[in-house]
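To start, the structure under review is shown below, and the notes come after it.
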Amino acid sequence: MMRFTLPRDIYYGKGSLEQLKTLKGKKAVLVLGGGSMKKFGFVDKALEYLKEAGIEVKLIEGVEPDPSVETVFKGAETMREFGPDWIISMGGGSPIDAAKAMWIFYEYPDFTFEKAVVPFGLPELRQKAKFIAIPSTSGTATEVTAFSVITDYKTEIKYPLADFNITPDIAIVDSELAETMPATLTAHTGMDALTHAIEAYVATLHSPFTDPLALQAIEMIRDFLLKSYEGDKDAREQMHYSQCLAGMAFSNALLGITHSMAHKTGAVFHIPHGCANAIYLPYVIDFNKKTALDRYAYIAKRLGLSGTTDDELVDSLTNLIKEFNKKMSIPLTLKEYGIDEEVFKAKVDMISERAIADACTGSNPRQLNKDEMKKIFECIYYGNKVDF
4 MMRFTLPRDI YYGKGSLEQL KTLKGKKAVL VLGGGSMKKF GFVDKALEYL KEAGIEVKLI
64 EGVEPDPSVE TVFKGAETMR EFGPDWIISM GGGSPIDAAK AMWIFYEYPD FTFEKAVVPF
124 GLPELRQKAK FIAIPSTSGT ATEVTAFSVI TDYKTEIKYP LADFNITPDI AIVDSELAET
184 MPATLTAHTG MDALTHAIEA YVATLHSPFT DPLALQAIEM IRDFLLKSYE GDKDAREQMH
244 YSQCLAGMAF SNALLGITHS MAHKTGAVFH IPHGCANAIY LPYVIDFNKK TALDRYAYIA
304 KRLGLSGTTD DELVDSLTNL IKEFNKKMSI PLTLKEYGID EEVFKAKVDM ISERAIADAC
364 TGSNPRQLNK DEMKKIFECI YYGNKVDF
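So the sequence shown is numbered by the numbering used here: it starts at 4 and just counts up by one.
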């Protein structure tokens, strides 16, 4: 038996933030990131709508990029003191991921982080509160997923928390929030969304429920990402929807080693998550095509790419990804990104071992060992073709 889980309600379209004024409840916490949502007036809008709903609100602000274990526990403590029946998070993937993790420890104060990182091992949530996610970036899709990524800076490890319990109850996908993204963030989040969709389509748990979502997302990203990067507002709206479709797909089909590698190098080399995915994805496709050639080739066919054989079609797909990277000023190798060669050599065994242990590795279409993972990293560093 398989499972397909999404939020109970997804509200979308420009101005859909207004849905907050229809909430029923007494108290809500609003979890925020670095301040852009305040700067552009969206926090004031949200507070006005919640006031209209008769809900008392407490802010939890300043969640950092790549939120830490310490931030999660501090936020959970604030929640326990305030006692909300709604947890609302607005912003990029970081505040929403942090709020999901805070939710766990708000409802279960004695639960440990070591237990929380065990995939699909969380206790039943919604004993105290329900969850609303309002994304301002077009990439992570955490508003519709069963995942949260939290960083332990003491060990330099990013942990993906995975459990259907932390799928939000409500997602509000209002593209007006995404219109404020700078170009670099638009590029990184857009490539994150493309990686989600492609990895979901080839992941071991892909299904007739997830495949159409992944393919639709891939086509929309092909059509709208570069225009969105250039600042086109209509394209920004379509990218906001396409990343959400990709999230619906990967939350249920799961992901692959592009994400495993991005998780483990993000904490060590401090590469933005979407940028890392963009760099790694073509190399991972070349590695995985030994077992998923037909599915990658089908993506290429759907996109109308050139090629008379499956191998030629897959080469066209990886070339398309590299062209996207070039046009959006994303490096093609780790060396080009600026990672020192001696630092890379000193860390590659560690990150390879950690990437093998990452939760996303198990659903990759081709299984691999640490030595093979290291070889892939070395190809990515120097820009060599993965041909093994």
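Glycine included, each C-beta is placed from N, C-alpha and C at the ideal position. Since the model is a prediction, treat every value here as computed from it, not as a measurement.
Label residue i either buried or exposed according to how many other C-beta atoms from any shown protein chain fall within 10 Å of its C-beta, with 16 as the threshold for buried.
i, result
"Pro-10", "buried"
"Lys-330", "exposed"
"Ala-149", "buried"
"Arg-6", "exposed"
"Tyr-232", "buried"
"His-273", "exposed"
"Ala-144", "buried"
"Gln-370", "exposed"
"Asn-372", "exposed"
"Asp-361", "buried"
"Phe-391", "exposed"
"Ala-136", "buried"
"Lys-29", "exposed"
"Pro-138", "buried"
"Pro-171", "buried"
"Glu-59", "exposed"
"Pro-368", "buried"
"Glu-146", "buried"
"Gly-78", "buried"
"Glu-326", "exposed"
Measure the C-alpha to C-alpha separation of residue i and residue j and round it to an integer number of angstroms.
i, j, result
"Lys-61", "Lys-17", "25 Å"
"Asp-352", "Lys-377", "7 Å"
"Leu-337", "Asn-291", "20 Å"
"Thr-213", "Ala-200", "9 Å"
"Leu-460", "Cys-278", "What the structure shows of the chain is the stretch from 4 to 391, and residue 460 is not part of that stretch, so it cannot be assessed."
"Glu-64", "Leu-323", "39 Å"
"Asp-235", "Ser-19", "20 Å"
"Phe-116", "Asp-69", "16 Å"
"Thr-140", "Ser-245", "12 Å"
"Val-120", "Ala-252", "22 Å"
"Phe-123", "Tyr-286", "29 Å"
"Thr-183", "Gln-219", "25 Å"
"Glu-51", "Pro-215", "38 Å"
"Val-317", "Glu-339", "24 Å"
"Asp-237", "Ala-181", "11 Å"
"Leu-320", "Phe-227", "17 Å"
"Gly-193", "Ile-107", "29 Å"
"Val-176", "Ile-13", "7 Å"
"Ile-354", "Ala-56", "48 Å"
"Met-264", "Leu-296", "21 Å"
"Val-389", "His-243", "32 Å"
"Asn-387", "His-276", "22 Å"
"Asp-113", "Pro-126", "11 Å"
"Thr-261", "Ala-300", "18 Å"
Please state the DSSP three-state secondary structure of residue i.
i, result
"Asp-88", "coil"
"Tyr-162", "strand"
"Glu-21", "helix"
"Met-70", "Here residue 70 is Pro; the residue named in the question, Met, does not match the sequence. Three-state result, Pro-70: coil."
"Pro-98", "helix"
"Ser-366", "helix"
"Asp-237", "helix"
"Val-271", "helix"
"Phe-116", "helix"
"Ser-210", "coil"
"Lys-388", "coil"
"Ile-169", "helix"
"Ile-175", "strand"
"Met-394", "Residue numbering for the chain in the displayed model covers 4 to 391; residue 394 lies beyond these limits and cannot be assessed."
"Met-264", "helix"
"Met-392", "The structure shown does not extend to residue 392, since the chain is modelled only from 4 to 391, so the question has no answer here."
Over what stretch of residues does the alpha helix (DSSP H) that includes residue i continue unbroken?
i, result
"Pro-285", "276-305"
"Pro-10", "Here Pro-10 belongs to no alpha helix (DSSP H), and DSSP marks it neither H nor E."
"Lys-373", "373-385"
"Leu-229", "214-232"
"Asp-313", "313-330"
"Ser-348", "Residue identity check: residue 348 is Lys in the sequence provided, not Ser. From DSSP, the alpha helix (DSSP H) with Lys-348 extends over 344-360."
"Leu-53", "45-55"
"Lys-2", "Because the chain in this structure spans residues 4 to 391, residue 2 falls outside the shown range and cannot be described."
"Glu-339", "337-340"
What are the boundary residues of the beta strand (DSSP E) that residue i is part of?
i, result
"Leu-188", "Run containing Leu-188: none in the beta strand (DSSP E); it sits in the alpha helix (DSSP H), 186-205."
"Glu-59", "59-63"
"Leu-33", "30-34"
"Lys-133", "133-138"
"Thr-154", "150-155"
Is it the case that the stretch 92-104 contacts the stretch 28-40, given that we only count it when at least three CB pairs across the two stretches are under 8 Å? yes
Would you call the stretch 129-147 and the stretch 81-88 touching, i.e. three or more CB-CB distances under 8 Å? yes
Would you call the stretch 333-347 and the stretch 310-323 in contact, with 3 or more CB pairs under 8 Å? no
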